[in-house]
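Protein chains in written order, with my numbering: chain A, 1 to 408; chain B, 409 to 569.
Glycine included, every Cβ here is placed at the ideal spot set by N, Cα and C.
All of these numbers come straight from a predicted model, not from anything done at the bench.
Structure, as structure tokens:
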Amino acid sequence: MHSSARFLIEFGAIILALGLLGRFAARFRFSPIPLYLLAGLAFGEGGLLPLGTSEEFVAIGAEIGVVLLLLMLGLEYSASDLVSNLKTQYTAGLVDAALNALPGAAMALLLGWGPVAAVVLAGVTWISSSGVIAKVLGDLGRLGNRETPVILSVLVLEDLSMAVYLPIITALLAGTGLAAGSLTLAVALGAAALVLLVAVRYGRHISRFVSSDDPEKLLLVVLGLTLLVAGLAQQLQVSAAVGAFLVGIALSGEAAEGAHNLLSPLRDLFAAVFFVFFGLHTDPASIPPVLLPALALAVVTAGTKIATGYWAARRAGISAKGRWRAGGTLVARGEFSIVIAGLAVTAGIEPSLGPLATAYVLILVIVGPLTARYTEPLATRLTGRRDKAAPHTGEIPETTAEEPYEVA
Amino acid sequence: MGTPRVSSTPLPGIGVRYDLTTRERRRVSVVAHRDGERTLNAYRTDDPDACALSVRLTAGETTALIDALLPSHHSPNLLSTTELGLVAERVQLSALSYWNGRVLGETRMRTETGVSIVAVLRRADAVPSPTPDFRLAGGDTLIVIGTREGVESAAAILGRE
């Protein structure tokens, strides 16, 4: 068969399959990410439908997918959001990092994978999925809840930490020495600080330079700028993803709004390709052996995320129910765990890491929305029973419920 | 009792939340999404951190709600509300109306609902005090006066297709 015809058929079939899976996921109101990963497993090596010519394009598409995921993440937040969250919430960020990254690192060391894989797996278990969580908050009607800003600021800090974390693992994976590695890190940190400063001070000028009334020109300028900066960052070993993230933060106001609307469909396309690519490079047969560690890791890090949310919400003066809700909501892991694992898979360290990350994300992306919904009722029932057993320790619960009658 | 204060909380990645605590110590909030949509929230009394109600509104729906909330409420259908509890309202017959071509008496409006039809507006003309043998047509606007309930049932009868 002619190779370009073969490419179109293969690639078209992949995209069509993803579209149908996305519709299926939307009908049952859950994230399509696990289905995309499963589709990748089904297509790739050792899967049901091995691919030929389109594999190369999928690989490039996946690279663009990561860049766009991070660009859009940067566009979501303004520099002032980031700075004010960093100032007020940094302890929550540190607790989050300690509680959730350490179990991943410990598991990697327990499996005898060495320090680099430990740092990677730490990132996989650390970062919650802001995409899944934002959707769950909307679906459960919790956008107005008082614990929601706490949840969001934990997510903001995690995302900001990526600007530091990604260059570290990029350097580690490239196998550069300590001196070269710390130089890269210094470059990355300097660039991040510089971008934040420039974005806070001169954001309006940058946005005015980029913005355009013509959507076509805006699309091309933003996309071109992002890919260029991402490439340069990669060249400097800072990681393309961080470059894209910083571009997103630097853009603000009207330009960010316009770029957000224009690039969303592109992001959806290439991010889906990225998830498929990740699945493609995971042999389905390699998943069953790592299923048990993945399950154990999922249980432990679901617990530590609930503890993180509980702690952060209590710090913000939220009542017990809201603390449980905040904890349960943060459990979902997703796109960024896969982005981090993807870097390790491309670098070719520890062959079991990819399958473990796949299984881990598959579990938590499905369980996350459920814990968001049911952690609070379950915890309230359990603690309520304990209170009934020892009635003197309980607070006086009924007064608030009667308030409206007093007023009337 | 000072003027009510609305406080705002940024929701990074989503938008801004505006909060209001009423005189009766109930809280309501509005989440302004960046795409222009709004979510209207009211809070539970037994768990003041959680929403009892969370309704997503499009920009158009928000405008309609603002119109209803304004003290000088003036719906396009409502002419005036008197102290006696009577309302006057415009009711338009659709083009497919059951009453198209039938006479006014057939609606048995006064017997059924107690409301009076004081005028019929047809294009630029106004026909005051139409008699029971006045022939209605699709597109006519009837001005009816009666109690709130009466006017509502009149609108239901006239809406028949």
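Cβ of Leu477 (chain B) within 8 Å of any chain A Cβ
Taking the first residue of the second sequence as position 1, residue 477 (chain B) is located at position 69. For Leu477 (chain B), the answer is no, since every Cβ of chain A falls outside 8 Å of its Cβ.
Going residue by residue through the segment 13–69 of chain A, where are the continuous alpha helix (DSSP H) segments of at least 4 residues, counting only ones entirely within it?
Segments of the alpha helix (DSSP H) lying fully in the segment 13–69 of chain A: 33–43.
List, in order along the chain, the chain B residues whose C-beta lies closer than 8 Å to that of Val156 (chain A)?
For the purposes of this step, residue 156 (chain A) is taken as residue 156 along the first sequence, with counting starting at 1. Here the neighbours are Pro420, Gly421.
Within this structure, are the beta carbons of Asn145 (chain A) and Arg325 (chain A) separated by less than 8 Å?
Taking the first sequence and counting its residues from 1, the one referred to as residue 145 (chain A) is at position 145. Taking the first sequence and counting its residues from 1, the one referred to as residue 325 (chain A) is at position 325. Yes. Within cutoff.
Take the Cβ of Val463 (chain B) as the centre, count every other Cβ of all protein chains shown within 10 Å, and call the residue buried at 16 or more, exposed below.
The count along the second sequence starts at 1 and reaches residue 463 (chain B) at position 55. That one is exposed.
Only counting the same chain, and skipping five residues up and downstream in sequence, which positions put a Cβ closer than 7 Å to that of His466 (chain B)?
Within the second sequence, numbered from 1, the residue matching residue 466 (chain B) stands at position 58. The question names His, but residue 466 (chain B) in the sequence shown is Thr. The residues Glu445, in chain order, have a CB closer than 7 Å to that of Thr466 (chain B) in the same chain once the five nearest residues on each side in sequence are set aside.
Interface residues of the segment 124–156 of chain A facing chain B [CB-CB below 9 Å]:
Within the segment 124–156 of chain A, Ser130, Ala134, Leu137, Gly138, Leu140, Gly141, Arg142, Leu143, Gly144, Asn145, Arg146, Glu147, Thr148, Pro149, Leu152, Ser153, Leu155, Val156 place their CB atoms closer than 9 Å to a CB of chain B, listed in sequence order.
I'd like the list of long-range same chain contacts for Gly554 (chain B), defined as Cβ closer than 6 Å, with 5 residues on each side in sequence excluded.
Position 146 of the second sequence, counted from the start, is the residue given in the question as residue 554 (chain B). Answer for Gly554 (chain B): Gly522, Val523, listed in chain order.
Pop quiz: Thr148 (chain A) and Leu160 (chain A) are said to be a contact at Cβ under 8 Å. What is the actual Cβ separation, rounded to whole angstroms?
Against the first sequence, residue 148 (chain A) aligns to sequence position 148. Against the first sequence, residue 160 (chain A) aligns to sequence position 160. Separation of the CB atoms of Thr148 (chain A) and Leu160 (chain A) is rounded to 19 Å, and the pair is thereby denied contact status at 8 Å.
Leu419 (chain B) burial status per 10 Å Cβ neighbour count (16 or more: buried):
Sequence index remark: in the second sequence, residue 419 (chain B) carries index 11 (1-based). With 16 or more other Cβ atoms within 10 Å, it is buried.
Say whether chain A places a C-beta atom closer than 8 Å to the C-beta of Thr417 (chain B).
Walking along the second sequence from the start, residue 417 (chain B) turns up at place 9. It does; some Cβ of chain A falls within 8 Å.
Of the residues that make up the segment 315–344 of chain A, which ones have a beta carbon closer than 8 Å to any beta carbon in chain B?
Against chain B - using a Cβ distance shorter than 8 Å - the residues of the segment 315–344 of chain A are Ile318, Ser319, Lys321, Gly322, Arg325.
Distance, Cα to Cα, Asp454 (chain B) vs Ala180 (chain A)?
For the purposes of this step, residue 454 (chain B) is taken as the residue at position 46 of the second sequence. For the purposes of this step, residue 180 (chain A) is taken as the residue at position 180 of the first sequence. In this structure, the straight-line span from the alpha carbon of Asp454 (chain B) to that of Ala180 (chain A) is close to 57 Å.
Helix or strand or just coil, what does DSSP make of Pro540 (chain B)?
Stepping through the second sequence from its first residue, residue 540 (chain B) is reached at position 132. Note: Pro540 (chain B) maps to coil in three-state DSSP.
List the residues of chain B that Glu76 (chain A) touches, going by C-beta distances under 8 Å, in chain order.
If you number the first sequence from 1, residue 76 (chain A) lands on position 76. What Glu76 (chain A) touches in chain B: Pro420, Gly421.
Report yes if the CB atom of Ile33 (chain A) is closer than 8 Å to the CB atom of Thr329 (chain A), and no otherwise.
Numbered from its first residue, the first sequence carries residue 33 (chain A) at position 33. Numbered from its first residue, the first sequence carries residue 329 (chain A) at position 329. Their beta carbons are not under 8 Å apart, which means Ile33 (chain A) does not touch Thr329 (chain A) by this criterion.
Which residue comes first and which comes last in the beta strand (DSSP E) that contains His441 (chain B)?
Taking the first residue of the second sequence as position 1, residue 441 (chain B) is located at position 33. For His441 (chain B), the uninterrupted beta strand (DSSP E) segment begins and ends at 435–441.
Run through DSSP, which three-state label would Gly138 (chain A) get?
Here residue 138 (chain A) corresponds to residue number 138 of the first sequence, with the count starting at 1. Gly138 (chain A) falls in the helix class under three-state DSSP.
Looking at the unbroken beta strand (DSSP E) that takes in Gln500 (chain B), where does it start and where does it end?
In the second sequence, the residue the question calls residue 500 (chain B) occupies position 92. Looking at the DSSP string, the run of the beta strand (DSSP E) that includes Gln500 (chain B) is 494–500.
Quick check: Val119 (chain A) and Ile169 (chain A), are their CB atoms within less than 8 Å of each other?
As a working mapping, residue 119 (chain A) is identified with position 119 in the first sequence. As a working mapping, residue 169 (chain A) is identified with position 169 in the first sequence. Contact flag set, yes.
Contact set between Thr447 (chain B) and chain A, taken where Cβ atoms lie within less than 9 Å:
What you label residue 447 (chain B) is simply residue 39 of the second sequence in a count that begins at 1. Within 9 Å Cβ-Cβ: Gly138, Gly141, Leu143, Gly144.
Could you name the residues of chain B that Asp81 (chain A) contacts, counting a contact when the two beta carbons are closer than 7 Å?
Within the first sequence, numbered from 1, the residue matching residue 81 (chain A) stands at position 81. Under a criterion of Cβ atoms nearer than 7 Å, the residues of chain B adjacent to Asp81 (chain A) are, in order, Pro418, Pro420.
Here's the rule: buried if 16 or more other CB atoms are within 10 angstroms of the residue's CB, otherwise exposed. What is Val164 (chain A)?
As a working note, residue 164 (chain A) is residue 164 in the first sequence. Exposed, by the Cβ-count rule.
Taking CB distances under 8 Å as the criterion, tell me whether Asn85 (chain A) reaches chain B.
Mapped onto the first sequence, residue 85 (chain A) falls at position 85. Yes, its Cβ sits closer than 8 Å to a Cβ of chain B.
Local Cβ density within 10 Å of Gln235 (chain A), reported as buried at 16 or more and exposed below that
For the purposes of this step, residue 235 (chain A) is identified with residue 235 of the first sequence, where counting begins at 1. Exposed: under 16 other Cβ atoms inside 10 Å.
Could you confirm whether any beta carbon from chain A is found closer than 8 Å to the beta carbon of Ala545 (chain B)?
Position 137 of the second sequence holds residue 545 (chain B). With 8 Å as the cut-off, Ala545 (chain B) does not count as an interface residue toward chain A.
Compare the C-alpha of Val572 (chain B) against each of B:Tyr426, B:Ile422, B:Gly421 and name the closest.
There is simply no residue 572 (chain B) to check, as chain B begins at 409 and stops at 569 in what is shown.
With a threshold of 6 Å on Cβ separation, who are the neighbours of Ala244 (chain A) within its own chain once the five nearest residues in sequence on each side are excluded?
In the first sequence, counting from the first residue as 1, residue 244 (chain A) sits at position 244. Excluding sequence neighbours, Ala244 (chain A) sits near Val67, Leu70, Leu71, Thr226, Ala230.
Report, in whole angstroms, the separation of the C-beta atoms of Ser153 (chain A) and Ala199 (chain A), which I expect to be a contact under 8 Å.
As a working note, residue 153 (chain A) is residue 153 in the first sequence. As a working note, residue 199 (chain A) is residue 199 in the first sequence. Wrong, their Cβ atoms sit about 19 Å apart, outside the cutoff.
Is the CB of Arg413 (chain B) under 8 Å away from at least one CB in chain A?
Locating residue 413 (chain B) in the second sequence gives position 5, counting from the first residue. With a threshold of 8 Å between beta carbons, Arg413 (chain B) makes no contact with chain A.
I want to verify the contact list: residues of chain A whose CB lies under 7 Å from the CB of Val439 (chain B), in sequence order.
Counted from its first residue, the second sequence places residue 439 (chain B) at position 31. Going along chain A in sequence order, the residues near Val439 (chain B) (Cβ under 7 Å) are Leu143, Gly144.
So for Ile409 (chain A), helix, strand or coil by DSSP?
Absent from the model: residue 409 (chain A). The displayed extent of chain A is 1 to 408, so no value can be given.
Quick one: does Arg425 (chain B) have its CB under 8 Å from some CB of chain A?
In the second sequence, counting from the first residue as 1, residue 425 (chain B) sits at position 17. Nearest CB-CB separation between Arg425 (chain B) and chain A: below the 8 Å threshold.
Do you know offhand how far Glu63 (chain A)'s Cα is from Thr383 (chain A)'s?
To locate residue 63 (chain A), count along the first sequence from 1; it is residue 63. To locate residue 383 (chain A), count along the first sequence from 1; it is residue 383. Straight-line Cα distance between these residues: approximately 47 Å.
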